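Undergrad: Please find one structure pasted underneath; my questions will follow.
2 protein chains.
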Amino acid sequence: MDELVGNLLVAQSGGPTSVINASLAGVIQEAGRHDCIEEIYGGANGILGILNEEFIDINDEKARTIEGLKYTPAAALGTCRYKIDFKKKAEKAAKDMDRLFQVFEAHNIRYFAYIGGNDSQDTSHKIHEEAVKRTYALRVIGVPKTIDNDLPHTDNCPGYGSVIKYNSTTVMEVGLDVGAMATDDGSCCIIEVMGRSAGWIAAGTVLAKRGNPANPPHIILLPELPFEEEKFLAKVKETVAAYKYCIVVVGEGIKDPTGEEVGANKKLLDSFGHPVLAGAAEKLKELVQGRLNTKTRTVLLGYAQRAAAHCASLTDATNAFACGEAAVRAAISGESGHMVKIVREAQPDGSVKWSTALQPLADIANVEHFIPRDWISEDGYMPNEKFVAYAQPLIEGEVKAPVEAGLPKYVVLEKSKVEKKLAPREA
Amino acid sequence: MDELVGNLLVAQSGGPTSVINASLAGVIQEAGRHDCIEEIYGGANGILGILNEEFIDINDEKARTIEGLKYTPAAALGTCRYKIDFKKKAEKAAKDMDRLFQVFEAHNIRYFAYIGGNDSQDTSHKIHEEAVKRTYALRVIGVPKTIDNDLPHTDNCPGYGSVIKYNSTTVMEVGLDVGAMATDDGSCCIIEVMGRSAGWIAAGTVLAKRGNPANPPHIILLPELPFEEEKFLAKVKETVAAYKYCIVVVGEGIKDPTGEEVGANKKLLDSFGHPVLAGAAEKLKELVQGRLNTKTRTVLLGYAQRAAAHCASLTDATNAFACGEAAVRAAISGESGHMVKIVREAQPDGSVKWSTALQPLADIANVEHFIPRDWISEDGYMPNEKFVAYAQPLIEGEVKAPVEAGLPKYVVLEKSKVEKKLAPREA
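From first to last, the protein sequence lines are chains Y and G. First residue of the first sequence? That's 1 in the working numbering, and the numbers climb one at a time after it. First residue of the second sequence? That's 428 in the working numbering, and the numbers climb one at a time after it.
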């Protein structure tokens with residue numbers, strides 16, 4: 001394989017996580033070790049910024065800042081939800097692709113690392129195929145990222161371990177609080193977590209139980225399984241009778257047996273005439289209070305859960321960093337059209353070691369990975385010991401961010417701009 | 428002062444906090460140093476458990492467990508919202524008081540430390556007065572606790588520093604997340620925090636700005652000031668124009684100019700015929716999306732914020748512990764009818780030292796302490812440098828809880844029961 005000399009472009013896409021910047025740090029620090037990579041550019045706001053030729057000059061950043069990315073949440077380069085949609089908008093997609101390669105050529109981009117979830121891996125795949133077609137020498141490697149943990153082939157997705165560590169900690173703490181307040185009347189607290197179609201995030205809070213059935217969470221509602229009102233209410237009632245309180249974790253995307261999202265109430269309209277989307281937790285609260293007359297409170301962690309770097313998993317951050325490094329090493333060695341995946345190596349002493357490997361992007365794009373049904377209890381309300389064995393190693397270890405004046409000291413990139421060479425993109 | 432020999436009773440009341448157990452540890456460890464205190468009992472679930480003669484034998488607990496209370500959230504003894512209401516239910520209150528003194532006498536309780544907020548200090552005050560009237564030798568000391576920070580005379584209330592440390596951390600993290608996702612369309616995130624009448628908790632998130640006006644939170648809505656829809660929308664619009672995103676922190680109890688809570692929508696009824704109480708954040712989201720067409724998400728921290736010991740302030744936990752110790756020392760030295768208060772001692776080098784002192788319970792009960800108006804910007808949306816100077820020292824330092832399998836290792840009391848000596852309380 002001939003050495004390919006040129007510039008590296010790295011970008012971040014989709015929803016941020018606690019450790020996506022650790023992957024970015026891995027890409028940057030590894031790229032800095034190879035002479036064949038001349039400039040390191042960051043695409044501002046993912047593919048959107050690349051289309052607009054908005055590049056950040058990474059070699060203008062301080063080494064200390066890059067090091068700080070290892071514990072800084074969110075996407076330091078900025079991110080986007082922009083999708084090059086080859087199916088529904090073929091013409092626009094073709095135009096976008098032309099523009100991308102104009103930008104690549106103008107800046108002599110020869111290495112492209114794209115950190116993201118399913119859509120981003122699909123984009124990377126398309127860019128790789130296009131480069132082959134155009135015989136434009138480009139090495140494209142995808143770096144996995146998603147709190148949803150729904151990418152196939154990789155043992156887990158960077159971001160997932162941290163979100164379930166934070167959410168499990170929260171469930172433990174809220175459980176102690178509600179348990180301390182519980183009187184003979186009983187009480188219930190419903191914690192809504194992310195996860196629109198796959199229930200990995202909700203399921204991960206089973207770790208808060210630490211093997212004790214009495215510990216919260218007492219019920220976990222997964223979006224994969226239809227929500228059955230009567231069965232759920234019976235389970236809440238049974239739990240309150242046993243422990244005086246009940247902690248429910250609900251994945252935001254749970255659906256009733258007809259397939260409609262539980263959080264959407266189409267009968268109620270707000271003052272603008274839109275349906276009231278109270279969210280799953282509010283809907284369940286209404287149900288438990290109305291039917292069981294049990295005092296119920298809700299917690300909606302929202303973006304806080306995927307940004308909670310103050311409670312990030314060191315295992316997760318380390319794997320995220322390793323994926324970034326591995327992407328650059330793979331590209332340097334001549335690979336293209338692959339995603340880095342995380343491989344679990346069970347050790348004889350029960351511990352786990354982690355390594356990385358490559359998987360063709362064609363195997364990744366648009367495939368969603370769900371929790372195996374036999375990792376969940378028969379009644380559907382609790383992941384079992386198979387799930388726990390899978391998830392437990394992912395939350396081990398604590399990322400220690402420096403603290404200043406009582407708050408985490410996160411870094412921000414200077415973002416010095418690379419001079420544009422092309423005319424603005426047509427709208 | 429003659430030495431008073433007998434047993435000590437300690438109980439916890441009202442909403443739990445991250446550090447109320449640190450106060451409990453202070454009471455217990457200090458009590459263990461004095462020979463005049465024979466037995467140490469914990470009242471299960473506050474005054475309610477005392478009325479029911481439900482005592483926990485603290486000397487049966489391991490020293491290691493008591494030490495662990497210093498970093499364990501919620502109320503280890505259990506808590507309650509039960510109030511002895513001398514105003515509205517005088518007859519029942521008199522009956523409760525009789526019962527309390529029967530219980531005290533049966534168990535030779537001579538020291539009573541009650542850890543709680545306004546209502547609990549009122550209860551302690553009444554018990555002290557009753558003991559004087561009955562010439563029953565009892566030393567009653569209140570220990571302050573409330574995340575609401577609304578007790579008078581004390582510099583701050585244990586629990587407050589920790590809740591604003593966690594909330595400020597969350598605002599920083601969510602701000603990075605939303606900022607990274609912000610495109611030219613702009614986006615908004617509304618974070619609802621506790622505080623029904625006093626805005627101390629919402630105001631405390633100003634610390635996340637770390638002196639930079641561009642940093643979130645961009646708008647803080649305090650329950651003390653009337654919520655004005657148009658003015659608020661204009662401020663959101665201006666913020667999104669400047670920074671592409673806007674983080675709003677709202678105290679749950681904000682009210683419109685007519686005094687009605689913003690979260691309560693009396694026009695909408697749920698399927699049980701109850702008014703829909705979507706909460707302030709959901710209401711504001713509806714407003715921002717509907718009127719400004721700006722994508723808006725919400726975070727509702729709920730109980731998570733007051734239980735987040737994994738992010739507790741060491742200053743707060745240390746003060747909480749010191750209040751517990753001071754309560755016992757005061758009682759031993761012959762004091763009764765006081766609450767321990769925290770005193771701030773500004774040092775010449777700008778740092779702060781903390782000590783404790785006593786304040787008569789008569790000065791505390793039923794007085795609510797609000798943020799001075801001149802600690803808030805003229806437009807009402809941001810606490811100013813006076814507030815920051817007050818709040819900053821309260822979040823300094825990190826409580827380090829031990830970690831096991833990736834999660835905090837909190838302690839649970841054994842709760843061995845003290846044998847009852849009385850007939851059950853009449854219903």
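The beta carbon of each residue, even a glycine, is placed where N, CA and C say it ideally should be. Note that this is a predicted model, so its numbers are computed, not measured.
At a Cβ cut of 9 Å, what residues of the region 396–411 of chain Y count as close to chain G, listed as they run along the chain?
TA: Listed by position, the residues of the region 396–411 of chain Y near chain G (Cβ gap below 9 Å) are Glu396, Gly397, Glu398, Val403, Glu404, Ala405, Gly406, Leu407, Pro408, Tyr410.
Undergrad: Residues of chain G with CB closer than 8 Å to the CB of Pro73 of chain Y, please, in chain order.
TA: Position 73 of the first sequence, counted from the start, is the residue given in the question as residue 73 of chain Y. Those are Glu600, Leu603, Asp604, listed as they occur along chain G.
Undergrad: By the criterion of Cβ-Cβ separation under 9 Å, what are the contact partners of Gln774 of chain G in chain Y?
TA: One-based indexing of the second sequence puts residue 774 of chain G at position 347. Those do not exist, as Gln774 of chain G stays about 16 Å from chain Y at its closest Cβ, beyond 9 Å.
Undergrad: Should the region 103–112 of chain Y be regarded as contacting the region 135–151 of chain Y, the criterion being three or more beta carbon pairs within less than 8 Å?
TA: Contact between the region 103–112 of chain Y and the region 135–151 of chain Y is present, because at least three Cβ pairs lie under 8 Å.
Undergrad: Is the beta carbon of Leu284 of chain Y closer than 8 Å to that of Val240 of chain Y?
TA: Here the question's residue 240 of chain Y lines up with position 240 in the first sequence. Here the question's residue 284 of chain Y lines up with position 284 in the first sequence. No, the Cβ-Cβ distance between Val240 of chain Y and Leu284 of chain Y is not below 8 Å.
Undergrad: Helix, strand or coil for Asp484 of chain G per DSSP?
TA: Sequence index remark: in the second sequence, residue 484 of chain G carries index 57 (1-based). Looking at Asp484 of chain G - three-state DSSP - the assignment turns out to be strand.
Undergrad: Go through the region 301–378 of chain Y residue by residue and report every complete run of the beta strand (DSSP E) that reaches 3 residues or more, in order.
TA: Entirely contained in the region 301–378 of chain Y, the beta strand (DSSP E) runs reaching 3 residues are, in chain order, 338–346, 352–360.
Undergrad: I need the boundaries of the beta strand (DSSP E) containing Phe227 of chain Y, first residue and last residue.
TA: Position 227 of the first sequence, counted from the start, is the residue given in the question as residue 227 of chain Y. Run containing Phe227 of chain Y: none; DSSP gives neither H nor E here.
Undergrad: Going by beta-carbon coordinates alone, are Gln121 of chain Y and Ala365 of chain Y separated by less than 8 Å?
TA: Translated into the one-based positions of the first sequence, residue 121 of chain Y becomes position 121. Translated into the one-based positions of the first sequence, residue 365 of chain Y becomes position 365. Yes, the pair counts as a contact, with Cβ atoms nearer than the cut-off.
Undergrad: Are the beta-carbon atoms belonging to His153 of chain Y and Gln392 of chain Y less than 8 Å from one another?
TA: What you label residue 153 of chain Y is simply residue 153 of the first sequence in a count that begins at 1. What you label residue 392 of chain Y is simply residue 392 of the first sequence in a count that begins at 1. Taking 8 Å as the Cβ cut-off, His153 of chain Y and Gln392 of chain Y do not qualify as a contacting pair.
Undergrad: Would a C-beta distance cut-off of 8 Å place Lys768 of chain G and Thr745 of chain G closer than the cut-off?
TA: Looking up residue 768 of chain G in the second sequence gives position 341. Looking up residue 745 of chain G in the second sequence gives position 318. Against a cut-off of 8 Å, the Cβ pair of Thr745 of chain G and Lys768 of chain G comes out as no contact.
Undergrad: For the beta strand (DSSP E) containing Glu396 of chain Y, list its first residue and its last residue.
TA: Here residue 396 of chain Y refers to the residue found at position 396 when the first sequence is read from its first residue. Run containing Glu396 of chain Y: none; DSSP gives neither H nor E here.
Undergrad: Between which two residues does the beta strand (DSSP E) containing Asn434 of chain G stretch?
TA: As a working note, residue 434 of chain G is residue 7 in the second sequence. Run containing Asn434 of chain G: 433–439, per the beta strand (DSSP E) assignment.
Undergrad: I'd like to know if Val206 of chain Y contacts chain G, where contact means its C-beta is closer than 8 Å to some C-beta of that chain.
TA: On the first sequence, position 206 is the one that residue 206 of chain Y refers to. No, Val206 of chain Y lies away from the interface with chain G (no Cβ there is under 8 Å from its Cβ).
Undergrad: Starting from the C-beta of Tyr541 of chain G, find all residues in its chain whose C-beta is less than 6 Å away, skip the five residues before and the five after it, and write them out in chain order.
TA: Indexing the second sequence from 1 puts residue 541 of chain G at position 114. Closer than 6 Å at the Cβ level, and outside the excluded window around Tyr541 of chain G, lie Ala438, Ser547, Ser551, Gly569.
Undergrad: Restricting to Cα atoms, I'd like to know which of Y:Ala182, Y:Lys126, Y:Ala63 is closest to Ala94 of chain Y.
TA: Taking the first sequence and counting its residues from 1, the one referred to as residue 94 of chain Y is at position 94. Comparing Cα positions, the closest option is Y:Lys126.
Undergrad: Check the Cβ of Asn472 of chain G against every Cβ in chain Y and list those closer than 8 Å, keeping chain order.
TA: Taking the first residue of the second sequence as position 1, residue 472 of chain G is located at position 45. Thr183, listed in chain order.
Undergrad: What's the gap between the Cα of Ile658 of chain G and the Cα of Ala749 of chain G?
TA: Stepping through the second sequence from its first residue, residue 658 of chain G is reached at position 231. Stepping through the second sequence from its first residue, residue 749 of chain G is reached at position 322. At residue 658 of chain G the sequence reads Lys, which differs from the Ile that was named. Looking at the two C-alpha atoms, the distance is approximately 44 Å.
Undergrad: Hey, could you find the ends of the alpha helix (DSSP H) Val715 of chain G is sitting in?
TA: Translated into the one-based positions of the second sequence, residue 715 of chain G becomes position 288. That run of the alpha helix (DSSP H) goes 707–719.
Undergrad: Whose C-beta lies closer than 7 Å to the C-beta of Ala307 of chain Y among residues of the same chain, with five residues either side of it excluded?
TA: By one-based count along the first sequence, residue 307 of chain Y stands at place 307. Excluding sequence neighbours, Ala307 of chain Y sits near Pro16, Ser18, Pro73, Ala74.
Undergrad: Which residues, in order along the region 235–254 of chain Y, keep a beta-carbon less than 7 Å from a beta-carbon of chain G?
TA: Taking 7 Å as the Cβ-Cβ cut-off against chain G, none of the residues of the region 235–254 of chain Y qualify.
Undergrad: Quick one: Cα of Thr725 of chain G to Cα of Lys83 of chain Y, how far?
TA: Sequence index remark: in the second sequence, residue 725 of chain G carries index 298 (1-based). Sequence index remark: in the first sequence, residue 83 of chain Y carries index 83 (1-based). Near 25 Å, if we compare the C-alpha coordinates of Lys83 of chain Y and Thr725 of chain G.
Undergrad: I need the DSSP call for Phe112 of chain Y, collapsed to helix, strand or coil.
TA: Taking the first residue of the first sequence as 1, we reach residue 112 of chain Y at position 112. Correct three-state label for Phe112 of chain Y: strand.
Undergrad: What does the alpha-carbon distance come out to for the pair Asn448 of chain G and Ala747 of chain G?
TA: As a working note, residue 448 of chain G is residue 21 in the second sequence. As a working note, residue 747 of chain G is residue 320 in the second sequence. Their Cα atoms are separated by approximately 8 Å.
Undergrad: According to DSSP, is Ala609 of chain G part of a helix, a strand, or is it coil?
TA: On the second sequence, residue 609 of chain G is found 182 positions in, with the first residue counted as 1. It is coil, neither helix nor strand.
Undergrad: Comparing the C-beta of Leu300 of chain Y with each C-beta of chain G, is any distance below 8 Å?
TA: Against the first sequence, residue 300 of chain Y aligns to sequence position 300. Closer than 8 Å: yes.
Undergrad: Can you check DSSP and say which residues form a bridge with Ser187 of chain Y?
TA: By one-based count along the first sequence, residue 187 of chain Y stands at place 187. BP columns for Ser187 of chain Y point to Y:Tyr245, Y:Lys295.
Undergrad: Given a limit of 8 Å on CB to CB distance, which residues of the region 580–598 of chain G reach chain Y?
TA: Answer in chain order: Lys592, Ser595, Thr596, Thr597.
Undergrad: Can the beta-carbon of Tyr41 of chain Y be found less than 8 Å from the beta-carbon of Leu9 of chain Y?
TA: Mapped onto the first sequence, residue 41 of chain Y falls at position 41. Mapped onto the first sequence, residue 9 of chain Y falls at position 9. Cβ distance < 8 Å, so Tyr41 of chain Y and Leu9 of chain Y count as in contact.
Undergrad: Following the continuous beta strand (DSSP E) through Gly465 of chain G, name the residue where it begins and the one where it ends.
TA: Taking the second sequence and counting its residues from 1, one reaches residue 465 of chain G at position 38. Here residue 465 of chain G turns out to be Glu, not Gly, going by the sequence shown. Counting along the chain, the beta strand (DSSP E) containing Glu465 of chain G begins and ends at 464–470.
Undergrad: Listing by chain order, which chain Y residues have their CB less than 9 Å from the CB of Thr506 of chain G?
TA: As a first step, residue 506 of chain G is located in the second sequence; it is residue number 79 there, counting from the start. Correct list: Ala180, Met181.
Undergrad: Bridge partners of Lys255 of chain Y, per DSSP?
TA: Mapped onto the first sequence, residue 255 of chain Y falls at position 255. DSSP lists Y:Glu261 as partners of Lys255 of chain Y.
Undergrad: When DSSP labels each residue in this structure, what does Glu3 of chain Y get in the three-state scheme?
TA: For this step, residue 3 of chain Y is matched to residue 3 along the first sequence. Of the three classes helix, strand and coil, the one that applies to Glu3 of chain Y here is coil, per DSSP.
Undergrad: Looking only at C-alpha atoms, which of G:Asp512, G:Tyr593, G:Gly459 sits nearest to His737 of chain G?
TA: Taking the second sequence and counting its residues from 1, the one referred to as residue 737 of chain G is at position 310. Answer by Cα proximity: G:Tyr593.
Undergrad: Give a yes or no on whether the C-beta atoms belonging to Asp525 of chain G and Arg771 of chain G are separated by under 8 Å.
TA: The residue given as residue 525 of chain G occupies position 98 in the second sequence. The residue given as residue 771 of chain G occupies position 344 in the second sequence. Going by C-beta atoms, Asp525 of chain G is not nearer than 8 Å to Arg771 of chain G.
Undergrad: Thinking Ser763 of chain G and His461 of chain G are a contact (beta carbons under 8 Å), I'd like their distance in whole angstroms, please.
TA: Translated into the one-based positions of the second sequence, residue 763 of chain G becomes position 336. Translated into the one-based positions of the second sequence, residue 461 of chain G becomes position 34. No, Ser763 of chain G and His461 of chain G are not in contact; Cβ-Cβ is about 16 Å, not under 8 Å.
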